[in-house]
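Trainee: Numbering (my numbering), first residue to last: 78 to 296.
The C-beta atom is built at its ideal place from N, Cα and C for all residues, glycine as well.
Note that this is a predicted model, so its numbers are computed, not measured.
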């Protein structure tokens, strides 16, 4: 009788353990984490905007020196992956350029508006850091010259007389991926040829621009 009772108790304990193992909480399978290679090979469209700090390389005139002025840039870009870690990034930007000068006749400021088309190669050096380099086509749209002699301020705008020549630029820059969808951008652009169209209005010089801004990417 004791042996039978002991055998029944063992069966009950074994059954309880098996039931807990069968009906107990199950481990939830989680998908593997997304790798940087999966994100890299996705085509992304983005919008960007930021600050321009513009000046000239050489004004070709010893009677005055130039100073930087502030403007802005805004536009669209496309991130096309080629082969890791290289991608192609074409953009179209509205960009404000120009310079300021102190002359013997007073203060002079030139503000020029451009449509810039950078065609850049993007090298991904780490999961969050990129280098960009390439040419840029700069299309002048309009220009405003402002003269201030201390008494009067005169502004002259030019459109049709100025928008006849496209200019080839060089671009070098970096970007930092703050998240999958947001990047911090910084770059330097310079005209590779003199901006000598209608020199009596715009002068014979080359634009140089420091840019900083944010980019927002979408799949």
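Could you give the C-beta distance for residue 202 and residue 210, rounded to a whole number, given that I count them as a contact under 8 Å?
Mentor: Rounded, the Cβ-Cβ distance is 12 Å, inconsistent with contact.
Trainee: Let me make sure I understand the geometry here. Which of 130, 184, 121 and 119 has the alpha-carbon closest to that of residue 263?
Mentor: Among 130, 184, 121 and 119, the Cα nearest to that of residue 263 is on 130.
Trainee: Taking just the CA atoms, how far does residue 166 sit from residue 122?
Mentor: Approximately 10 Å, taken between the alpha carbons.
Trainee: If I measure Cβ to Cβ from residue 170 and keep anything under 6 Å in the same chain, skipping five residues before and after, which residues do I get?
Mentor: Here the set comprises 150, 152 and 193.
Trainee: In chain order, which beta strand (DSSP E) runs of at least 3 residues are fully inside the region 149–209?
Mentor: For the region 149–209, whole beta strand (DSSP E) runs of length 3 or above, ordered along the chain, are 163–180 and 183–201.
Trainee: May I have the straight-line CA-CA distance separating residue 254 from residue 248, to the nearest angstrom?
Mentor: So the two alpha carbons sit approximately 19 Å from each other.
Trainee: Please say whether residue 179 and residue 283 have beta carbons closer to each other than 8 Å?
Mentor: Contact: no.
Trainee: Around the C-beta of residue 215, are 16 or more other C-beta atoms found within 10 angstroms, so that it is buried, or is it exposed?
Mentor: Burial call: buried.
Trainee: Whose C-beta lies closer than 6 Å to the C-beta of residue 286 among residues of the same chain, with five residues either side of it excluded?
Mentor: Same-chain partners within the cutoff: 129, 131, 174 and 266.
Trainee: At the level of alpha carbons, what is the spacing between residue 157 and residue 146?
Mentor: If you take the alpha carbons of residue 157 and residue 146, they lie about 33 Å apart.
Trainee: Can you find the residues in the same chain that come closer than 6 Å, C-beta to C-beta, to residue 260, ignoring five residues on each side of it along the sequence?
Mentor: Answer for residue 260: 252, 254 and 292, listed in chain order.
Trainee: Checking 8 Å against the spacing of the C-beta atoms, do residue 218 and residue 191 come in under that value?
Mentor: Their beta carbons are under 8 Å apart, which means residue 218 touches residue 191 by this criterion.
Trainee: To the nearest angstrom, how far is it from the Cα of residue 195 to the Cα of residue 295?
Mentor: So the two alpha carbons sit approximately 19 Å from each other.
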